[in-house]
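Undergrad: Can you read through this structure? Questions will come right after.
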Amino acid sequence: MDAAMYRIANSYDHWLQRRYVKGKLAADPAYAATEALIKNRPMPLLDIGCGIGLLGQYLHARGVVMRYLGVDSDPRKIEAGNRALRQSGLDGLLHLRQTDGTAQQPIRGHVALLDVLHYLPREGQHALLENAIVHLAPGGLLVIRNVLRERSWRYALTRVSEFFLSVSGWMRVGAQHYPSAEELRGQLEAAGLAVNIRPLHGKMPFDSYLLVAERPA
């Protein structure tokens, strides 16, 4: 982990958060994957379900993000993320807002949905995706990282992990519905987006897929 990543971790004021951030930045491939996708397509990024705003801090440190808005319904995570932005002096550049993921936002560009969908019921997932599509600019990418329903040991392990996350209280709501690749692809292609899906396990043992949907320019 380079010095910039340590600075990101140290901007969070609780030792558990700092430990969590260091682990995510060291082992989770979703941040580097998002960077690689959008670095040559400069436009604003809406991060739905942003949590503590880690994606925005990472992309800013990598010199990729021009304008970033992260939204999340959990006030605890937004408060922690905003404290970190103030600590790092980024509160005037990156913005976090507590709101529902289906609310309209004054931003059009790329959209990220990292580990969000399975915390919603099937109907809620459909509504959230519809809102994400609305916020895509021409040439914009919808970047989704999520568990996909399948028969595998990774999927079984992920379901156990999600149970303990819910019991711990870190997630206010436990997993509601694990979508299949066909469910997501069908809705996005029906909206005119070109869809690509690939595994994104990285160094983690959990079920993880990267789904990229592009709005034609």
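Each residue of the sequence shown is one higher than the one before, starting from 39 at the first, in my numbering. No residue lacks a Cβ here, since even glycine has one placed at the ideal position from N, Cα and C. Treat the numbers as computed from the prediction; the structure is a model and nothing was measured.
If you measure between the beta carbons of Asn184 and Tyr96, is that distance less than 8 Å?
TA: Cβ distance not < 8 Å, so Asn184 and Tyr96 don't count as in contact.
Undergrad: Only counting the same chain, and skipping five residues up and downstream in sequence, which positions put a Cβ closer than 7 Å to that of Arg160?
TA: Result list for Arg160: His215, in chain order.
Undergrad: How would you label Lys62, buried or exposed, when you count the other beta carbons within 10 angstroms and need 16 or more for buried?
TA: So Lys62 ends up on the buried side.
Undergrad: Taking the continuous alpha helix (DSSP H) assigned at Glu220, which residues delimit it?
TA: Where Glu220 is concerned, the enclosing alpha helix (DSSP H) stretches over Ala219 to Ala228.
Undergrad: What would DSSP say about Pro67, mapped onto helix, strand or coil?
TA: If DSSP states are grouped into helix, strand and coil, Pro67 belongs with coil.
Undergrad: Would you mind stating whether Ile90 and Ala70 have Cβ atoms separated by less than 8 Å?
TA: No, Cβ-Cβ distance for Ile90 and Ala70 is not below 8 Å.
Undergrad: Kindly indicate which three-state DSSP category Tyr216 falls into: helix, strand or coil?
TA: If DSSP states are grouped into helix, strand and coil, Tyr216 belongs with coil.
Undergrad: Does the beta carbon of Val181 fall short of 7 Å from some heavy atom of the ligand ADP?
TA: The ligand content of the structure shown is nil, which means the ligand ADP is not present either.
Undergrad: Determine the extent of the beta strand (DSSP E) in which Val233 is found, giving its start and end residues.
TA: Where Val233 is concerned, the enclosing beta strand (DSSP E) stretches over Ala232 to Pro237.
Undergrad: Against chain C, does Arg79 count as a neighbour if the rule is that its beta carbon must be under 8 Å from one of theirs?
TA: In summary, chain C is missing from the structure at hand, where a single protein chain is found.
Undergrad: Assign Gln142 to buried or exposed, taking buried as 16 or more other Cβ atoms, counted over all protein chains shown, within 10 Å of its Cβ.
TA: Answer is exposed; the Cβ neighbour count stays below 16.
Undergrad: Could you give the uninterrupted runs of the beta strand (DSSP E) lying entirely in the segment 88-176, keeping only those of 3 residues or more?
TA: Segments of the beta strand (DSSP E) lying fully in the segment 88-176: 106-110, 132-136 and 148-152.
Undergrad: Excluding the five sequence neighbours on either side, which residues of its own chain have a C-beta within less than 6 Å of the C-beta of Arg121, listed in chain order?
TA: Answer for Arg121: Asp51, listed in chain order.
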